[in-house]
Each structure stands twice: as structure tokens, then as C-alpha cells.
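Chemist: My questions will all concern the structure given below.
Numbering (my numbering), first residue to last: 19 to 263.
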């Protein structure tokens, strides 16, 4: 088991990529602490410790961090997809997108990092993984301006953390998925004027001809959280079905 004995915190673990990653890490032997702001979504995660956490609540982050053991791994998954061009973005939309997609990652990482540094000193390494996207500094997409800006910032945050703590045993990497079939995506598809066409459009932009499944992404998360990635840091790893070839 590649994560045997490691303690890993995962956000937005109630559904989608967060939940799939929590289950995958637990299957690899990790002691997973799964968080979500909706307690009901955390039900059914057998053998996994669950905590309610709104990652936009700075006080709640501080309280959780004070109660955590020193972590071997942190996977920042929580995020929000704003739909629209720059002309559709209100100041409130922009602020919320950055608060949830970037600032929450910074705050949670900052709160957990002292313990991770202690763990890295004791064991040799600890790993932070941030959820970014192919829609970022990697590639622009229509009606994804706010989202792309936040996910570009996540890549910058990732590289900065990696550079600052590389000599202290901390690795920090980002995952940049393509279009993943999750409840979040299904919500956006169903909200479209023509859901059938919207799904076809999402599929069409993947040269592999299908949406990604969560099972396409979780192996990368497990790899980056495991000791197999000891020589990997500061990277934005694309798992996009060939979109950015």
C-alpha cells in the first residue's frame, strides 16, 4: 500500500474528485481526514475520519488545524467554476472565486504547514497537492475567465510553496485535470439552455472523445501524495485527455 500509515487531509471530500480521492487514499492505507462544508455529503465514508469545514472560514481553518495531527499529506480540492466572460463578472463573483479557489488553499496550507514541516523533519518528506485545471495559465477557455484566473493563481501558489520549502522536505504540486464527470459538471450541464448539446460540447473538446472519470485523476493524486513522487515538486501535472497537446 503506497500510503500506508500516512495521515492525509482532503477538502471538498463529500463528492466528486474530493470523495474519490479520499476513498483512493484510504484504499492505499492512508489515515484520511475528509472535510466538507456539508456534513450530509460526508456520510458513507467508511473507515475515514470526517470533519465539517467551510474552507472560506478562516476561524474554522485555525480551529481544525489546532486539532490535527502533523500531516504527511494535504490535498486542496475545494473550488468553484464561474461561468461567463469578463463582462459577466461582478466584483462579488471575482472576490468569491478567488476566496474559494485560491485564498482558502493558502490559508489551509499555511495553517497545516508547521505540522507538515515537523513531519517532514521526522520522516524525510511531506506532500501538498493543489487542484488546479487545464483552464488556467495553461490554456484559455471561453466563458471561464474568472475560473481560469484563479486556477492560474493556484499554479503560482504551488510553485511558490515548492520553491520556499524544497530544502525542508516539503513537496508541492498541482493537478490540472481536463473535464471530469462530477456532480459539479453535471450541475453545469443541466443548467445549460440545451443540456444535451452542452454535454456533447464538453465531450468534443477532449481529443480522446470522452469526459474524464474521477478514476482517471485519483491515481495522480495518490502518486503525488506518496513517496513514489519524492523527486517531483513545483509541477502542474496535466491529465486532460489530450486537450493541450
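Each residue gets a CB set at the ideal place from its N, CA and C atoms; glycine is no exception.
In this text, all values refer to a predicted model and were calculated from it rather than measured experimentally.
Can you tell me whether residue 186 is buried or exposed, with buried defined as 16 or more other CB within 10 angstroms of its CB?
Modeler: exposed
Chemist: Which partner residues of residue 190 appear in the DSSP bridge assignment?
Modeler: 146
Chemist: Which residue from 55, 21, 59, 56 puts its Cα closest to that of residue 42?
Modeler: Answer by Cα proximity: 21.
Chemist: Is it true that the region 138-153 meets the region 181-196, where meeting means three or more beta-carbon pairs spaced less than 8 Å apart?
Modeler: yes
Chemist: Quick check: the region 102-115 against the region 29-47, are there 3 or more CB pairs under 8 Å?
Modeler: no
Chemist: In the DSSP output, what is residue 69 paired with across the bridge?
Modeler: 53
Chemist: Classify residue 162 as helix, strand or coil using the three-state DSSP reduction.
Modeler: Shown here, residue 162 sits in a strand according to DSSP, grouped into three states.
Chemist: Under a three-way DSSP split, which group does residue 102 fall into?
Modeler: strand
Chemist: Indicate the three-state DSSP secondary structure (helix, strand or coil) for residue 198 in the structure shown.
Modeler: Residue 198 sits in a strand when the DSSP states are folded into three classes.
Chemist: Give the secondary structure of residue 127 by DSSP, where H, G and I count as helix, E and B as strand, and everything else as coil.
Modeler: Residue state, collapsed to three classes: helix.
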